[in-house]
Amino acid sequence: MPKLTIDGREVEVAARTNLIEAARAAGIAIPYFCYHPYMTVVGQCRICMVEIEGQPRLALGCATSATDGMVVKAETSERAKEAREAVMEFLLANHPLDCPVCDQAGECLLQDHSMREQRGTFTSHMAETRRTFPGYERRLLGPHIVQNQNRCIHCSRCIRFTSEISETAALTYKSRGNSMFIDTFSGEAFDDPMSACAADVCPVGALTVREFRFRKRAWKLRSTPSICPGCSIGCNIFIDHHEREVHRFTPRENPAINATWLCDYGRFLADSLNEQTYLYPQHRKAGRLVRAGWSEALAALALEVRAARPLRVVASANLSNEALFLARELFGHHLRGDLVVPVTTGEQRRMKNGRGEWLQATDPYPNSLGARRLGLNVVDGDGLSRFLYGGSGLTLILDAEAHPFLAGAEALQLLRVGATAVWLRREHPLAGVAGWLLPAASLASDEGTFTASTGAVQHFAAAFSPPGTVRRMPTGAMSPECPTIASPWGPPGEARPLWLVLTALARELGASNLDLASPAEVFTLMARTERAFAGLEWEPLGGLQRDESLRERQHVG
Amino acid sequence: MTTCPLVVAPPETTANVTFDKTMDDRIGEVMRRYPTRRAALLPVLWLCQERFGWISPGVISAVAERLGDSPAFVDGVVSFYTMYHTSPPARYVLQVCTTLSCSVCGGRELVEHLKAKLGVGFGEKTPDGSFQLVGVQCLGACGNAPVIQVNDDYYENLTPQRLDAMLDELREGR
Ligand code: SF4
Ligand code: SF4
Ligand code: FES
Ligand code: FES
Numbered sequence: 325m326p327k328l329t330i331d332g333r334e335v336e337v338a339a340r341t342n343l344i345e346a347a348r349a350a351g352i353a354i355p356y357f358c359y360h361p362y363m364t365v366v367g368q369c370r371i372c373m374v375e376i377e378g379q380p381r382l383a384l385g386c387a388t389s390a391t392d393g394m395v396v397k398a399e400t401s402e403r404a405k406e407a408r409e410a411v412m413e414f415l416l417a418n419h420p421l422d423c424p425v426c427d428q429a430g431e432c433l434l435q436d437h438s439m440r441e442q443r444g445t446f447t448s449h450m451a452e453t454r455r456t457f458p459g460y461e462r463r464l465l466g467p468h469i470v471q472n473q474n475r476c477i478h479c480s481r482c483i484r485f486t487s488e489i490s491e492t493a494a495l496t497y498k499s500r501g502n503s504m505f506i507d508t509f510s511g512e513a514f515d516d517p518m519s520a521c522a523a524d525v526c527p528v529g530a531l532t533v534r535e536f537r538f539r540k541r542a543w544k545l546r547s548t549p550s551i552c553p554g555c556s557i558g559c560n561i562f563i564d565h566h567e568r569e570v571h572r573f574t575p576r577e578n579p580a581i582n583a584t585w586l587c588d589y590g591r592f593l594a595d596s597l598n599e600q601t602y603l604y605p606q607h608r609k610a611g612r613l614v615r616a617g618w619s620e621a622l623a624a625l626a627l628e629v630r631a632a633r634p635l636r637v638v639a640s641a642n643l644s645n646e647a648l649f650l651a652r653e654l655f656g657h658h659l660r661g662d663l664v665v666p667v668t669t670g671e672q673r674r675m676k677n678g679r680g681e682w683l684q685a686t687d688p689y690p691n692s693l694g695a696r697r698l699g700l701n702v703v704d705g706d707g708l709s710r711f712l713y714g715g716s717g718l719t720l721i722l723d724a725e726a727h728p729f730l731a732g733a734e735a736l737q738l739l740r741v742g743a744t745a746v747w748l749r750r751e752h753p754l755a756g757v758a759g760w761l762l763p764a765a766s767l768a769s770d771e772g773t774f775t776a777s778t779g780a781v782q783h784f785a786a787a788f789s790p791p792g793t794v795r796r797m798p799t800g801a802m803s804p805e806c807p808t809i810a811s812p813w814g815p816p817g818e819a820r821p822l823w824l825v826l827t828a829l830a831r832e833l834g835a836s837n838l839d840l841a842s843p844a845e846v847f848t849l850m851a852r853t854e855r856a857f858a859g860l861e862w863e864p865l866g867g868l869q870r871d872e873s874l875r876e877r878q879h880v881g
Numbered sequence: 134m135t136t137c138p139l140v141v142a143p144p145e146t147t148a149n150v151t152f153d154k155t156m157d158d159r160i161g162e163v164m165r166r167y168p169t170r171r172a173a174l175l176p177v178l179w180l181c182q183e184r185f186g187w188i189s190p191g192v193i194s195a196v197a198e199r200l201g202d203s204p205a206f207v208d209g210v211v212s213f214y215t216m217y218h219t220s221p222p223a224r225y226v227l228q229v230c231t232t233l234s235c236s237v238c239g240g241r242e243l244v245e246h247l248k249a250k251l252g253v254g255f256g257e258k259t260p261d262g263s264f265q266l267v268g269v270q271c272l273g274a275c276g277n278a279p280v281i282q283v284n285d286d287y288y289e290n291l292t293p294q295r296l297d298a299m300l301d302e303l304r305e306g307r
């Protein structure tokens, strides 16, 4: 373990750590453009230069390993600053400097560095006109990537991403020198399954994500740590949102699962979180749906579930461990109902972790392992149809999207017979047969944990409160539902996360042990009573929060 | 000595390339000389240029497959080097040196002369497909400036008159 001094601060780091990471560990930020912690070091951009005592030449922070006793001057070195200034002059000589209309502004390493290091002496000697790439300013490189070659600083991160991480090697430099540009083979579309990561790693606005371009300025977004709902791999994400609208998912670093990557499928689920067709509990009376309040709905449901013979509950592998645990305790143990978790096989998803290994999944749910570990009865489509077969009684469907079978004619036929209560958020055929329609909140307004296929129990936080909840404003004012569209209090509605509904129902039913106030309390109870959660604590599951670590801010974006 | 004209394989052959036995053996032989497959890329591309006359996207795919690299990577390499033709070349590629020694010894006049005579600019081909004009950097024969490389042969100590004679000779040689 080499011990070295950087700008007067002593740090001890693992062998073979480079100076950028060593400095980071000491709380010092050495700038970089081409370096990326999960890709090969190429030492191409030269912005990371530092001074090392005893060495006449400046050294590259990214390509120099820390050694014992090294004395480094990074941010305090006048020589390094001067050299970096020269590098910046070269990089900016041909850079369009169109930050006001560039969608990367606000999360651009080049812009950040200019702002941070700008000094009075900074000038450009460029007298010629700028090099441009006519026709390559707004080029669709693939379905999700828009290229503006004028902004490229030739760091090769995008190329290395495709050759080292996604392994399609679909991107390359074409031509050379001043006219070098990024391209695919012979005009093919860049449709790598992880293509949007190329825009993530691009330090500037040369590659941007088509779906996100010009939707929101980066500095307006708030980032909430969450988990991708797309498959059982459980990639760590940030939900980037503004005024109760989800604008995108970005990767959140987790070396064991997704390093700093996301697959396109998962990433572009972001928009689906904004779909909220059902806003109020509704009850079918004489064939027509009538709006009801939650108190009315809960009281009526409590009566119905208590009387139900039999009580059948279809849970879902899309639900959090907390919601599944509450459902099992309440419907299974307290009311002696039958509960199943239907699962199906989906498309194959792949993800590269920080050690360069592929994780694979054909399990399209974020929490089927959680359901199994809670000892729930996990069934396939046939099992589900057998479960729904026969008999009246009451069927609760805790998530209309739990299984495609539920949207099919057969299921609707089976469910028409008895009484059914369905939790749902978006248009779904079940809405046509359900006696009770209960509005569910999206992942963005829910909180809890999922168990990933690796066995990791991972926490997702609520990005914003569900529609219609009263939120305390910074001024201390309170407001109830407010129908204005852009209201800071959010749209009206009463969709609620399932854990909240289940604890309220537990209260109605007198199951006082389940009358808990937060997912954290449910988790704590689970950790006490469930073997699969033994020893886990809620607090440390939070994971990385944005702003917490410089490293993360610098290379995601 | 007359320079041999370049022969370009017909479009059907360069669109979808499969290497025949002879080509495959020659490629295999080149590959054996290098420690990694990627290292053999440049000479293999030369072989292909010899065989097909130019490096078409079809050639790139075939080479990429043979060497186990991605077509994008091979494409990038091809585009880096100006001596690989990425479109079918003319029968005679006139590579006029535009660097200092040649320029001061009459190279500029040669360029003007050629442009006027052939009616094409740098990078262009005459409509009949005989000549293609290319400006290049120092050919390493400054002692005999000005120099034009035609296909693989050097023509040195040129004057507009000698150039005319040379072009006529090449035309007839076809
Ligand atoms: S497009 Fe972006 S990531 Fe790729 S080389 Fe240019 S600046 Fe780097
Ligand atoms: S691999 Fe799975 S968890 Fe990861 S981003 Fe894709 S869908 Fe989401
Ligand atoms: S980060 Fe070190 S050279 Fe680019
Ligand atoms: S300058 Fe023309 S050959 Fe050297």
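Protein sequences, first through last, are from chains Y and R. The opening residue of the first sequence carries number 325 in our numbering; numbering runs sequentially from there. The opening residue of the second sequence carries number 134 in our numbering; numbering runs sequentially from there. For every residue, glycine included, the Cβ atom is placed at its ideal position computed from N, Cα and C.
- Proximity of the stretch 481 to 501 of chain Y to the stretch 524 to 532 of chain Y meets the contact definition, three or more beta-carbon pairs being nearer than 8 Å.
- Among the residues of the stretch 497 to 516 of chain Y, those with a Cβ less than 7 Å away from any Cβ of chain R are Y497, K498, S499, R500, T508, F509 and S510, in the order of the chain.
- In this structure, R370/Y has its beta carbon less than 6 Å from a heavy atom of ligand 3.
- Short note on V280/R: C-beta closer than 6 Å to some heavy atom of ligand 4.
- Contact annotation, G678/Y with Y460/Y: C-beta distance approximately 33 Å; criterion of less than 8 Å not satisfied.
- The stretch 558 to 572 of chain Y makes no contact with the stretch 508 to 518 of chain Y; the number of CB pairs closer than 8 Å stays below 3.
- Taken through DSSP and simplified to helix, strand or coil, Y589/Y comes out as helix.
- Between the stretch 329 to 349 of chain Y and the stretch 384 to 391 of chain Y, the count of C-beta pairs closer than 8 Å reaches three or more; the two stretches touch.
- Within a 10 Å sphere around the beta-carbon of Y214/R sit fewer than 16 other beta-carbons, which makes this residue exposed.
- When K498/Y, C372/Y, P355/Y and A429/Y are compared, the shortest CA-CA separation from T219/R is found for K498/Y.
- In this structure, the straight-line span from the alpha carbon of K248/R to that of G254/R is close to 6 Å.
- Taking C-beta separations shorter than 7 Å and ignoring five residues to either side along the sequence, the partners of S234/R in its chain run C275 and A278, following chain order.
- Counting only the Cα atoms, P553/Y lies some 23 Å from E818/Y.
- Cβ-Cβ distances below 6 Å link R696/Y to V702 in the same chain, with the five nearest sequence neighbours on each side left out; the list follows chain order.
- Of the candidates H783/Y, A758/Y, S777/Y and S789/Y, S789/Y places its Cα closest to the Cα of A768/Y.
- Exclusion of the five residues before and after V192/R leaves T147, V150, C181 and F185 as the residues of its chain whose Cβ lies within less than 7 Å of its Cβ.
- Annotation: E336/Y to G201/R spans about 42 Å, alpha carbon to alpha carbon.
- Pairing N472/Y with R443/Y, the inter-Cα distance amounts to about 28 Å.
- A distance below 7 Å separates the beta carbons of I557/Y and S777/Y.
- Judged by DSSP in its simplified three-state form, Q684/Y adopts strand.
- Spatial neighbours of E302/R in its own chain (CB-CB distance under 8 Å, excluding positions within 5 residues in sequence) are listed in chain order as T135.
- The Cβ neighbour count for L433/Y, taken over all protein chains shown within 10 Å, is at least 16; the residue is labelled buried.
- R612/Y: member of the beta strand (DSSP E) spanning R612 to R615, first to last residue.
- Not one beta carbon of chain R lies nearer than 7 Å to the beta carbon of A685/Y.
- If you draw a 10 Å sphere on the C-beta of W682/Y, you find fewer than 16 other C-beta atoms in it, and that means exposed.
- Separation of D157/R and I188/R (C-alpha to C-alpha, rounded to the nearest whole angstrom) is 16 Å.
- When rounded, the separation of the alpha-carbon atoms in V411/Y and C479/Y is 13 Å.
- Of all residues in the stretch 646 to 674 of chain Y, none comes within less than 9 Å of chain R when Cβ atoms are compared.
- Ligand 4 approaches T232/R closely enough that one of its heavy atoms is under 6 Å from the residue's Cβ.
- Here the alpha carbons of I469/Y and R537/Y stand approximately 10 Å from one another.
- For G209/R, the closest Cβ of chain Y is nearer than 7 Å.
- The alpha-carbon separation between T453/Y and M216/R amounts to approximately 29 Å.
- Comparing alpha carbon positions, the residue from S236/R, Q282/R, S263/R and V229/R closest to A223/R is S263/R.
- Restricted to the stretch 453 to 479 of chain Y, not a single alpha helix (DSSP H) segment is unbroken, complete and at least 4 residues in length.
- The beta carbon of A523/Y does not come within 7 Å of any beta carbon belonging to chain R, so the residue lies off that interface.
- Comparing C-alpha distances from I376/Y to each of V396/Y, F414/Y, E431/Y and R740/Y shows the shortest one belongs to V396/Y.
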